[in-house]
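Just so you know, the protein sequences line up as chains A and B, in that order.
For the first sequence, this note's numbering puts the final residue at 181, and the numbers step up evenly by one.
For the second sequence, this note's numbering puts the final residue at 181, and the numbers step up evenly by one.
All C-beta atoms in this analysis are idealised placements derived from N, C-alpha and C, irrespective of residue type, glycine included.
Please read all numbers here as calculations on a predicted model, not as lab measurements.
Take a look at the structure set out below.
There are 2 protein chains.
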Amino acid sequence: MMSKELYRETCKRALEYLDKAGIVVTDKEKNNMEVAEYGLGEVEKIGLELIVYVNTDRCCAKELILFPGQTCPEHRHPPVDNEPGKEETFRCRWGKVYLYVPGASVQNPKAVPPKGREQFFTVWHEIELNPGEQYTLAPNTLHWFQAGNEGAVVSEFSTKSRDEFDIYTDPDINPAQSRKA
Amino acid sequence: MMSKELYRETCKRALEYLDKAGIVVTDKEKNNMEVAEYGLGEVEKIGLELIVYVNTDRCCAKELILFPGQTCPEHRHPPVDNEPGKEETFRCRWGKVYLYVPGASVQNPKAVPPKGREQFFTVWHEIELNPGEQYTLAPNTLHWFQAGNEGAVVSEFSTKSRDEFDIYTDPDINPAQSRKA
Numbered sequence: 001m002m003s004k005e006l007y008r009e010t011c012k013r014a015l016e017y018l019d020k021a022g023i024v025v026t027d028k029e030k031n032n033m034e035v036a037e038y039g040l041g042e043v044e045k046i047g048l049e050l051i052v053y054v055n056t057d058r059c060c061a062k063e064l065i066l067f068p069g070q071t072c073p074e075h076r077h078p079p080v081d082n083e084p085g086k087e088e089t090f091r092c093r094w095g096k097v098y099l100y101v102p103g104a105s106v107q108n109p110k111a112v113p114p115k116g117r118e119q120f121f122t123v124w125h126e127i128e129l130n131p132g133e134q135y136t137l138a139p140n141t142l143h144w145f146q147a148g149n150e151g152a153v154v155s156e157f158s159t160k161s162r163d164e165f166d167i168y169t170d171p172d173i174n175p176a177q178s179r180k181a
Numbered sequence: 001m002m003s004k005e006l007y008r009e010t011c012k013r014a015l016e017y018l019d020k021a022g023i024v025v026t027d028k029e030k031n032n033m034e035v036a037e038y039g040l041g042e043v044e045k046i047g048l049e050l051i052v053y054v055n056t057d058r059c060c061a062k063e064l065i066l067f068p069g070q071t072c073p074e075h076r077h078p079p080v081d082n083e084p085g086k087e088e089t090f091r092c093r094w095g096k097v098y099l100y101v102p103g104a105s106v107q108n109p110k111a112v113p114p115k116g117r118e119q120f121f122t123v124w125h126e127i128e129l130n131p132g133e134q135y136t137l138a139p140n141t142l143h144w145f146q147a148g149n150e151g152a153v154v155s156e157f158s159t160k161s162r163d164e165f166d167i168y169t170d171p172d173i174n175p176a177q178s179r180k181a
């Protein structure tokens with residue numbers, strides 16, 4: 001797990017992006033910020049900072065923060081307990097994010113997969129999301145995303161989040177490896 | 001139904017509040033803004049402006065705009081089709097909103113119900129929401145809300161919206177009376 005010091009630095013930096021986006025969060029939310037580093041130990045490249053606003057049995061809303069070029073690695077949300085898997089809408093609030101899903105591959109992708117892990121990025125249909133733009137992902141759809149040069153703040157609206165069931169393409173990833181406080 | 005002219009003026013004014021809140025929406029969303037006036041013909045007092053980001057079978061996200069003192073009248077979201085009714089989280093993004101739900105009544109409420117319709121506001125447990133503050137409402141719970149002196153912008157995260165099933169306390173209200181473009 002990442003050190004407490006790195007966790008704190010990462011949170012502090014993420015809060016600067018929320019400020020840039022004009023998004024207000026409470027002190028409690030700041031103190032509960034989650035940093036996903038997937039057990040890979042290179043959070044600046046492969047990682048995600050998030051504030052979970054609500055996550056009930058029926059729906060969930062989060063704010064995702066991505067540093068410049070930071071990547072959320074390829075994964076899908078499978079069916080669990082007779083439910084069809086998590087459905088997600090990503091809405092860019094600030095900055096720019098490149099989202100990749102199954103479909104016709106882009107010729108010259110704007111995002112660059114993290115070095116040494118290219119083989120674990122297999123879907124290449126590119127969707128560029130600028131502020132105010134959004135995309136709704138059907139359950140169990142492979143996807144990954146990377147922020148542009150300035151970073152990004154993205155609102156996620158979804159059904160219940162159960163991160164422990166997520167399936168990542170990269171076998172080295174431990175989806176439970178995120179740190180909260 | 002409200003005139004096209006009033007609809008347009010109301011939308012234009014609502015967009016100014018989104019600007020103040022730093023929330024970016026697309027031109028398409030601007031053009032699809034919904035103004036709920038409930039068939040009462042006094043939208044500045046009893047009404048709501050909204051942009052629906054997503055509304056699938058499973059979840060929904062909206063931005064609600066309230067002018068200073070504007071009121072969303074008391075209603076609840078009943079069970080429909082074996083589902084327990086809409087669950088809603090209101091998150092204040094800008095301004096201030098007073099939300100009223102069942103529970104211990106406040107002695108000196110900050111909101112004032114619209115004149116002549118006081119009897120249709122029956123729940124008086126007061127929740128004040130400032131930017132970054134939120135409240136999650138269980139399905140089928142009576143609620144109403146009113147913006148403070150500066151107005152408010154509120155994100156709503158919820159299960160599927162089916163406004164046509166909403167039950168209002170005020171018998172004069174027609175929940176289907178909202179205008180889109």
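Whether residue i touches residue j by CB criterion (9 Å)
i: Thr71(B); j: Ala111(B); result: yes
i: Val52(A); j: Asn82(A); result: no
i: Thr89(B); j: Glu156(B); result: yes
i: Cys59(A); j: Thr159(B); result: yes
i: Leu18(A); j: Val153(A); result: yes
i: Leu6(A); j: Glu87(A); result: no
i: Thr56(B); j: Phe121(B); result: no
i: Gly22(A); j: Gly148(A); result: no
i: Lys180(B); j: Val35(B); result: yes
i: Phe145(A); j: Leu66(A); result: yes
i: Glu37(A); j: Ser161(A); result: no
i: Ala61(B); j: Arg8(A); result: no
Supposed close pair residue i, residue j - CB separation, criterion 8 Å
i: Leu142(B); j: Arg76(B); result: 5 Å
i: Ile46(A); j: Pro79(A); result: Contact flag wrong, Cβ pair sits at about 26 Å.
i: Pro84(A); j: Pro131(A); result: Not really, about 30 Å apart at Cβ, beyond 8 Å.
i: Glu29(A); j: Leu50(A); result: 10 Å between Cβ atoms; not a contact.
i: Lys20(B); j: Trp94(B); result: 6 Å
i: Pro175(B); j: Asp163(B); result: 6 Å
i: Lys96(A); j: Glu16(A); result: Their Cβ separation, rounded to whole angstroms, is 17 Å, which puts Lys96(A) and Glu16(A) out of contact at 8 Å.
Collapsed DSSP secondary structure at residue i in the structure displayed
i: Asn149(A); result: strand
i: Phe120(B); result: helix
i: Lys180(A); result: strand
i: Ala104(A); result: coil
i: Glu29(B); result: helix
i: Thr141(A); result: coil
i: Leu15(B); result: helix
i: Glu63(B); result: strand
i: Arg58(B); result: coil
i: Leu48(B); result: strand
i: Leu6(A); result: helix
i: Lys20(B); result: helix
i: Glu83(A); result: strand
i: Glu133(B); result: coil
i: Glu42(A); result: coil
i: Glu164(A); result: helix
i: Pro68(A); result: coil
i: Glu37(A); result: coil
i: Thr159(A); result: coil
i: Pro78(B); result: coil
i: Lys96(A); result: strand
i: Ile173(A); result: coil
i: Pro73(B); result: strand
i: Val154(B); result: strand
Closer than 8 Å at the beta carbon, the chain B residues around residue i
i: Thr141(A); result: Those do not exist, as Thr141(A) stays about 14 Å from chain B at its closest Cβ, beyond 8 Å.
i: Tyr53(A); result: Thr89, Arg91, Gln134, Phe157
Close-in-space but distant-in-sequence residues of the same chain around residue i (CB under 7 Å, 5 per side omitted)
i: Glu126(A); result: Tyr98, Tyr100, Val106, Pro109, Lys110
i: Gly103(B); result: His125
i: Pro114(B); result: Lys45, Ile46, Thr71
i: Ile167(B); result: His75, Arg76, Pro78
i: Gly116(A); result: none
Contact list for residue i against chain A, beta-carbon separation under 7 Å
i: Cys59(B); result: Cys59, Glu87, Phe157, Ser158, Thr159
Contact set between residue i and chain A, taken where Cβ atoms lie within less than 8 Å
i: Pro131(B); result: Val24
i: Thr71(B); result: By Cβ distance, chain A contributes nothing, its closest Cβ being about 24 Å from Thr71(B), past 8 Å.
i: Thr122(B); result: Near Thr122(B) there are no residues of chain A at all, since even the closest Cβ is about 26 Å away, more than 8 Å.
Close-in-space but distant-in-sequence residues of the same chain around residue i (CB under 6 Å, 5 per side omitted)
i: Cys11(A); result: Met33
i: Val123(B); result: Tyr100, Val101, Pro102, Leu142
CB contact below 9 Å: residue i versus chain E
i: Lys12(B); result: Absence of chain E from the displayed structure is noted, the protein chains being A and B.
Residues of its chain near residue i, where Cβ-Cβ distance is below 8 Å and the 5 sequence neighbours each way are ignored
i: Val54(B); result: Cys60, Ala61
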